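J.: Numbering (mature numbering (1 follows the signal peptide of the UniProt record, and there is no 0)), first residue to last: -21 to -1, 1 to 248. All C-beta atoms in this analysis are idealised placements derived from N, C-alpha and C, irrespective of residue type, glycine included. From a predicted model like this one, the values you see are computed outputs, not experimental measurements.
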């Protein structure tokens, strides 16, 4: 029985480690069933390959695809592009100043369960000033400002918990060629809706190396960590951000606050 349990645990760990090593790639620059050349764009909110496209009221061409041959400095090549065809917020809106972190039109988003990096291959849609934003619905994850159509490859680091990550332009539009999320295991199932957070619980819990980090604690949080067999390994309450060393393994944790409860997976090494 113990040998079977050990084999099961090793199989789960191997699968998880390999999954975390992979990246999720949306290749907009090469024709495929999901991103075909001459796609007219989305006129209603839709999800394609776990990526949400939200055009906004009266907009019919978000995600329009047309031919555009490109060769990038990292060796990536393509023959088409996907177009925003406009900004994601009204003229004059600055997300961090006006506290607008969920765009109202012409944007994409995907759901994540925790920390990840987002890498985007893109160009400005013209030579007027514009800024590409990545937000998590409550804060700016990163941004890049340009006033030309030069090729750009930028990486944005997200360190929070479960959320939707939004990609949109401010002031003017961008054309996207490729987008990559690392690790792929950070992705959740994307659903259509207005909520920025997948869970109402603000407290975040994540494992990095051999340490567990409890962050964004806004209210008393009760954390229970279980082995994959269901045995309680550690239980504690905290009113502030903390981190601590933890044994190696795959664990399931529950976080309970006055906001509700959520479950997260932890892999320490």
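Can you give me the Cβ contacts of residue 128 inside the same chain, cut-off strictly under 8 Å, excluding the 5 residues immediately before and after it?
T.: 102, 103, 104, 105 and 106
J.: With C-beta atoms as the reference, is residue 253 less than 8 Å away from residue 122?
T.: Since the first residue of the chain shown is -21 and the last is 248, residue 253 is not available in this structure.
J.: By DSSP's criteria, residue 249 is part of a beta bridge. Which residues make up the other side?
T.: As shown, the chain starts at -21 and ends at 248. That puts residue 249 outside it, with no answer to give.
J.: From the DSSP secondary-structure annotation, give me the bridge partner or partners of residue 204.
T.: 213 and 232
J.: Have a look at residue 116 and residue 79 and give me their C-alpha separation to the nearest angstrom.
T.: The C-alpha of residue 116 lies about 8 Å from the C-alpha of residue 79.
J.: Assuming residue 32 and residue 21 make a contact with CB atoms under 8 Å, what is their CB distance in whole Å?
T.: In this structure residue 32 touches residue 21 by the C-beta definition: roughly 4 Å separates them, less than 8 Å.
J.: I'd like to know if the region 191 to 199 and the region 150 to 158 are in contact, where contact means that at least 3 CB-CB pairs between them fall below 8 Å.
T.: no
J.: Going by Cα to Cα distance, which pick from 139, 54, 7 and 151 is closest to residue 66?
T.: When only C-alpha atoms are compared, the closest one is 151.
J.: Just to confirm the assignment, what range does the beta strand (DSSP E) spanning residue 133 have?
T.: 131 to 137
J.: Thinking C-alpha only, which one of 244, 14 and 216 is nearest residue 197?
T.: 216
J.: Compute the Euclidean distance between the alpha carbons of residue 270 and residue 183, then round it to the nearest angstrom.
T.: Absent from the model: residue 270. The displayed extent of the chain is -21 to 248, so no value can be given.
J.: Buried or exposed: which applies to residue 210, given that a residue is buried once 16 or more other Cβ atoms fall within 10 Å of its Cβ?
T.: exposed
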